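Protein chains in written order, with this note's numbering: chain F, 373 to 478; chain Y, 450 to 702. No residue lacks a Cβ here, since even glycine has one placed at the ideal position from N, Cα and C. Quick caveat: nothing in here was measured; it's all calculated off a predicted structure. Notes follow once the structure below has been shown.
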Amino acid sequence: MDWMKSWPGWIFVVSSGVLWGLPSVPYYHADLPYIHDLGGLALVAWYIGLGFLSLGLYIIASVCLRVNVVRVKSLHTIFLGGGAFILAGLFWWLYLLLLGMSVRLV
Amino acid sequence: MRIEFPRVPSQNTFLFWALGERHTQVFWGNLVGALVFCVTMIVLAKWSTNLPGWREVIVSENGPVERMSAGVWFMAMVWCFAAGWRHFPHRIEWFGLTTVCLLFGLRELDAHVWVTGWNLDKLANYWNSRFPLWERLLVVGFMIIPTVAVGAVLCYRMWLRLGRGGSSCAPWIGQMMVGGILLGFCLLLDKANAYGLPLFGLEAAQLFFMGMEEFGEYVLAVYTVSALWPYWQEAFLSNDTRSRNEGTLGAEP
Chain F
373 MDWMKSWPGW IFVVSSGVLW GLPSVPYYHA DLPYIHDLGG LALVAWYIGL GFLSLGLYII
433 ASVCLRVNVV RVKSLHTIFL GGGAFILAGL FWWLYLLLLG MSVRLV
Chain Y
450 MRIEFPRVPS QNTFLFWALG ERHTQVFWGN LVGALVFCVT MIVLAKWSTN LPGWREVIVS
510 ENGPVERMSA GVWFMAMVWC FAAGWRHFPH RIEWFGLTTV CLLFGLRELD AHVWVTGWNL
570 DKLANYWNSR FPLWERLLVV GFMIIPTVAV GAVLCYRMWL RLGRGGSSCA PWIGQMMVGG
630 ILLGFCLLLD KANAYGLPLF GLEAAQLFFM GMEEFGEYVL AVYTVSALWP YWQEAFLSND
690 TRSRNEGTLG AEP
């Protein structure tokens with residue numbers, strides 16, 4: 373389980389999410405005025421959500437797999453992991469909201 | 450092992466060219482690791498996405514390399530933000546780094562083009578009367594000035610620590626220098642595409658230079674994460690009371 377403590381493992385998780393999880397978002401239309409282009413902001417929200425998801429997974433996995441278990445017992449760390457999952461959900465909700473508005477406007 | 454931010458190791462040598470072997474290995478190891486990782490991911494992306502050629506994988510806008518690069522920047526942004534929340538004594542540095550990573554991520558997604566409809570990167574657009582004055586003022590007031598302010602504060606804090614970090618051979622100095630060289634390389638390729646190649650009649654090589662630029666930007670993002678990784682681990686997994694109430698660096702500047 374050494375990969376849990378290394379950066380390549382977690383960048384691989386994020387890169388995999390982007391490569392295979394990112395839906396095809398029409399976020400850039402050169403021929404449309406910018407106010408119609410909420411898809412761009414939606415995409416940013418999606419990426420930030422992915423960042424929070426990776427953070428939550430890292431914290432929770434550290435606890436579950438007993439990586440550095442002496443240190444991760446603290447309540448703040450657990451809150452950080454849970455909070456990251458909640459924020460990931462909020463940002464993906466924002467992504468869907470913005471994308472819906474973008475589609476309606478276009 | 451406790452890692453301070455910025456780390457201050459015991460070896461008493463000076464700066465990049467005179468660092469001890471162990472510290473030199475830290476940032477060159479980061480760079481080599483980032484290069485190997487990026488090449489692996491690009492091959493994997495080509496294999497898994499069924500895109501017809503390397504051009505579509507590496508060079509194309511919104512292609513796999515650009516998307517992965519943006520993903521890594523936004524991941525770094527979120528982790529820096531969380532580290533600032535967790536590691537309260539160094540929140541200014543962490544939130545400054547959060548802003549830097551956010552800007553790099555937005556730049557990777559071409560936000561400088563779609564956020565207003567005109568290119569924020571082009572200085573001439575700021576006095577172009579074709580674009581609404583209120584819009585240009587909003588961009589300057591709510592984007593440019595705050596960004597410059599954050600950058601200035603971050604540079605000032607780093608500058609104050611440079612003397613102490615240099616005399617104690619802190620690895621963050623070497624890491625920042627390698628990152629700066631990598632950033633300069635990407636900027637050089639960007640400008641070479643726009644101005645240099647036509648000047649020397651090398652338009653045919655544009656595709657190669659564009660690919661190198663996208664690859665360099667991806668390596669820069671991965672390198673940044675690899676350099677920040679031990680600091681994040683320290684911030685997330687350290688003892689709460691000590692982390693939140695004491696400065697690990699000792700006296701603040």
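Quick check on residue i: does DSSP put it in helix, strand or coil?
i: residue 619 (chain Y); result: coil
i: residue 566 (chain Y); result: coil
i: residue 726 (chain Y); result: The structure shown has nothing for residue 726 (chain Y), since chain Y only spans 450 to 702.
i: residue 510 (chain Y); result: coil
i: residue 391 (chain F); result: helix
i: residue 426 (chain F); result: helix
i: residue 378 (chain F); result: coil
i: residue 579 (chain Y); result: coil
i: residue 495 (chain Y); result: helix
i: residue 539 (chain Y); result: helix
i: residue 546 (chain Y); result: helix
i: residue 484 (chain Y); result: helix
i: residue 551 (chain Y); result: helix
i: residue 413 (chain F); result: helix
i: residue 437 (chain F); result: coil
i: residue 469 (chain F); result: helix
i: residue 695 (chain Y); result: Note that residue 695 (chain Y) scores 41 on pLDDT, short of 50, meaning its location in the model is unreliable; the coordinates nonetheless yield the value given after this. Looking at residue 695 (chain Y) - three-state DSSP - the assignment turns out to be coil, as it is neither helix nor strand.
i: residue 558 (chain Y); result: coil
Leaving out the 5 sequence neighbours to the left and right, which residues in its chain are closer than 6 Å to residue i when beta-carbon positions are compared?
i: residue 530 (chain Y); result: 547
i: residue 532 (chain Y); result: 543, 681 and 684
i: residue 425 (chain F); result: 460
i: residue 570 (chain Y); result: 561
i: residue 585 (chain Y); result: 575
i: residue 670 (chain Y); result: 518, 521 and 522
i: residue 605 (chain Y); result: none
i: residue 410 (chain F); result: 470, 473 and 474
i: residue 479 (chain Y); result: 672, 675 and 676
Skipping 5 residues on each side, what residues in its chain have a beta carbon closer than 8 Å to that of residue i?
i: residue 464 (chain F); result: 417, 418 and 421
i: residue 504 (chain Y); result: 656 and 660
i: residue 639 (chain Y); result: 662
i: residue 524 (chain Y); result: 674
i: residue 559 (chain Y); result: 510
i: residue 665 (chain Y); result: 631, 634, 635 and 638
i: residue 442 (chain F); result: Reliability of the predicted coordinates at residue 442 (chain F) is poor, the pLDDT of 48 falling under 50, and the value obtained from them is presented with this limitation in mind. Closer than 8 Å at Cβ, skipping near neighbours: no residue.
i: residue 484 (chain Y); result: 668
Take residue i and list the residues in its own chain whose beta-carbon comes closer than 7 Å to its own, dropping the five residues that flank it on each side.
i: residue 646 (chain Y); result: 652, 654, 655 and 658
i: residue 380 (chain F); result: none
i: residue 513 (chain Y); result: 494, 498 and 506
i: residue 691 (chain Y); result: With a pLDDT of only 45 at residue 691 (chain Y), under 50, the local geometry of the prediction cannot be trusted, and no value is derived from it.
i: residue 482 (chain Y); result: 675
i: residue 678 (chain Y); result: none
i: residue 402 (chain F); result: Confidence in residue 402 (chain F) is poor, its pLDDT being 47 and thus under 50, which makes the residue's placement too unreliable to answer from.
i: residue 642 (chain Y); result: 655, 658, 659 and 662
i: residue 491 (chain Y); result: 506, 507 and 514
Contact check, residue i vs residue j under 8 Å by CB: the rounded distance?
i: residue 476 (chain Y); j: residue 612 (chain Y); result: No, residue 476 (chain Y) and residue 612 (chain Y) are not in contact; Cβ-Cβ is about 20 Å, not under 8 Å.
i: residue 516 (chain Y); j: residue 394 (chain F); result: 6 Å
i: residue 434 (chain F); j: residue 473 (chain F); result: Contact flag wrong, Cβ pair sits at about 37 Å.
i: residue 545 (chain Y); j: residue 602 (chain Y); result: 6 Å
i: residue 423 (chain F); j: residue 457 (chain F); result: Contact flag wrong, Cβ pair sits at about 12 Å.
i: residue 672 (chain Y); j: residue 631 (chain Y); result: 6 Å
i: residue 432 (chain F); j: residue 453 (chain F); result: 5 Å
i: residue 704 (chain Y); j: residue 412 (chain F); result: Any property of residue 704 (chain Y) remains undetermined from this structure, which presents chain Y solely from 450 to 702.
i: residue 487 (chain Y); j: residue 668 (chain Y); result: 5 Å
i: residue 715 (chain Y); j: residue 554 (chain Y); result: A question about residue 715 (chain Y) goes unanswered here, because the residues of chain Y that appear run from 450 up to 702.
Could you check whether the Cβ of residue i sits closer than 8 Å to any Cβ belonging to chain C?
i: residue 429 (chain F); result: The question asks about chain C, but that chain is absent: this structure's protein chains are F and Y.
Inset, instruction - Give, in chain order, every unbroken run of the alpha helix (DSSP H) that is at least 4 residues long and sits entirely within the region 589 to 652 of chain Y. - result: 594 to 616 and 620 to 640
Inset, instruction - Would you list, in chain order, the members of the region 580 to 602 of chain Y that have their beta-carbon closer than 9 Å to a beta-carbon of chain F? - result: none
Inset, instruction - Give the residues from the region 545 to 576 of chain Y that approach chain F closer than 8 Å (Cβ to any Cβ), ordered along the chain. - result: 554, 555, 558, 559, 560, 562, 563, 564, 565 and 566
Legend entry - Residues, ordered as in the chain, of the region 671 to 682 of chain Y that lie near chain F by beta-carbon distance below 8 Å: 671, 674, 675, 678 and 682
Inset, instruction - Please list the residues of the region 520 to 545 of chain Y that have a C-beta atom closer than 7 Å to any C-beta atom in chain F, keeping them in chain order. - result: 520, 521, 523, 524, 526, 527, 528, 531 and 535
Legend entry - Chain-ordered residues of the region 605 to 631 of chain Y with a beta carbon less than 9 Å from chain F: none
Legend entry - Where the region 410 to 427 of chain F meets chain Y: residues whose CB sits under 7 Å from a CB there: 412, 415, 416, 419, 420, 422, 423, 424, 426 and 427
Inset, instruction - Please name the residues in the region 497 to 514 of chain Y whose beta-carbon is closer than 9 Å to at least one beta-carbon of chain F, in chain order. - result: 497, 498, 510, 511 and 513
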